[in-house]
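A.B. asks: Residue numbers (our numbering): 1328 to 1600.
What follows is a single structure, and I will ask about it in a moment.
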Amino acid sequence: MIRFKQLKGYPLSLGITDRTGGVSQGVYGGMNTNFYNETQFETACKDVKIAIEDLGLTGKIIIATRQTHSNHILKIDENTDFESLEQIEVKGTALSEYKLYSSPDTDALMTQRKDVILMTFYADCVPLYIYDPINEAIAIIHSGWRGTSNKIADDVIKEMKYHYQSEAKNFLAGIGQSAGKCCYEVDEPVKILFKAYFSEREMMHFFESKGSGKYFIDLKKANELIFLENGLQSDRIEINPACTICESDLYHSHRKANGGKRGSMSQLCQLIK
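Here it is in structure tokens:
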């Protein structure tokens, strides 16, 4: 389980799973939280329960994203209509004591509620969190190259400012393990999409040409720039330098997947009462 040092002492429990500590086997092991894979559903539920217990999360409602690389953000509050979400049947599994909900076409979750567990999924894409300790609000984000190019983190920050009266100077933010610039290669059409939201000067910080229309991209740096341009303080942004492609023995990696089969890591969190 990956934790962020700067969150120590705050009333928030948040972590990102890796491949250690679980019960899944083979290409899905040792920990795989992807319960959307029907063939791995029961073992994934066991791994999710292990992660929840590791983090000391006490909520009995789990709200998970069903990600599509969108900019859709789900805000969970006292008026949330859970019937509008997909409820996943967990009777007879390790999660039988929980209510498990999935939010379709969603890549970010935010809340001030202290009775819910938030959950997102990763396998090379960038895990992000934004925490407002003053107004006790948390957001977790799935940001791949498409979400980063569309600045989903920018949208989340604006939503937190609007709904929670958050101020950027108070935010703590984290960037988790993901595909690194050392390994993550994209082509010219991807770079063109970034030009819609980033200046050429900004892109010089996270694109490196390989020639022949190929580039290495640093999605962590791009998201750090999004945080900074929104007024976050650099010393309140914690970045995990690990590359999921380089270290695919420790992290699930879509690009290093064996025959297309792989597990997923998850970011899980809950505000503490």
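Every residue, glycine too, gets a C-beta built ideally from N, C-alpha and C.
What residues in its chain sit with their C-beta under 6 angstroms from that of Leu1401, if we drop five residues either side in the sequence?
C.D. replies: Taken in chain order, the residues that qualify are Ser1430, Thr1433, Leu1436.
A.B. asks: What are the start and end residues of each continuous alpha helix (DSSP H) run of 4 or more residues lying completely inside the region 1332–1387, in chain order?
C.D. replies: Fully enclosed alpha helix (DSSP H) runs of 4 or longer: 1368–1382.
A.B. asks: DSSP three-state label for Gly1540, please.
C.D. replies: Looking at Gly1540 - three-state DSSP - the assignment turns out to be coil, as it is neither helix nor strand.
A.B. asks: Are the CB atoms of His1396 and Gly1503 nearer to each other than 9 angstroms?
C.D. replies: No, the Cβ-Cβ distance between His1396 and Gly1503 is not below 9 angstroms.
A.B. asks: Determine the extent of the beta strand (DSSP E) in which Tyr1458 is found, giving its start and end residues.
C.D. replies: Note, Tyr1458: beta strand (DSSP E), 1453–1459.
A.B. asks: According to DSSP, is Thr1407 part of a helix, a strand, or is it coil?
C.D. replies: Thr1407: coil per DSSP, three-state reduction.
A.B. asks: For Lys1478, count neighbouring Cβ atoms within 10 angstroms of its own Cβ and tell me buried if that reaches 16, exposed if not.
C.D. replies: The residue is buried, with at least 16 neighbouring Cβ atoms inside 10 Å.
A.B. asks: Once DSSP output is grouped into helix, strand and coil, what is the label at Thr1395?
C.D. replies: Note: Thr1395 maps to coil in three-state DSSP.
A.B. asks: Whole angstroms is fine: what's the gap from Ser1539's alpha carbon to Leu1595's?
C.D. replies: Approximately 40 angstroms between the Cα atoms of the pair.
A.B. asks: Is the region 1448–1462 touching the region 1412–1424 in the sense that three or more CB pairs, one from each, lie closer than 8 angstroms?
C.D. replies: The region 1412–1424 vs the region 1448–1462: no contact.
A.B. asks: What span of residues does the beta strand (DSSP E) with Ser1593 cover, start to end?
C.D. replies: 1592–1598 is the extent of the beta strand (DSSP E) around Ser1593.
A.B. asks: Distance, Cα to Cα, Gln1352 vs Glu1494?
C.D. replies: Between Gln1352 and Glu1494, the C-alpha separation is close to 44 angstroms.
A.B. asks: Among Asp1562, Lys1508, Thr1344, Ala1464, which residue has its Cα nearest to the Cα of Ile1377?
C.D. replies: It is Thr1344.
A.B. asks: Under three-state DSSP, which class holds Lys1518?
C.D. replies: If DSSP states are grouped into helix, strand and coil, Lys1518 belongs with the helices.
A.B. asks: Tell me which residue opens and which closes the alpha helix (DSSP H) that Phe1554 is part of.
C.D. replies: Element bounds for Phe1554: 1546–1556.
A.B. asks: Does DSSP put Glu1463 in a helix, in a strand, or in coil?
C.D. replies: Looking at Glu1463 - three-state DSSP - the assignment turns out to be coil, as it is neither helix nor strand.
A.B. asks: Run through the DSSP bridge pairs and tell me what Ser1505 is partnered with.
C.D. replies: Answer is Cys1570.
A.B. asks: In or out: Ile1329 buried (at least 16 other Cβ within 10 Å) or exposed?
C.D. replies: Ile1329 is buried by the Cβ-count criterion.
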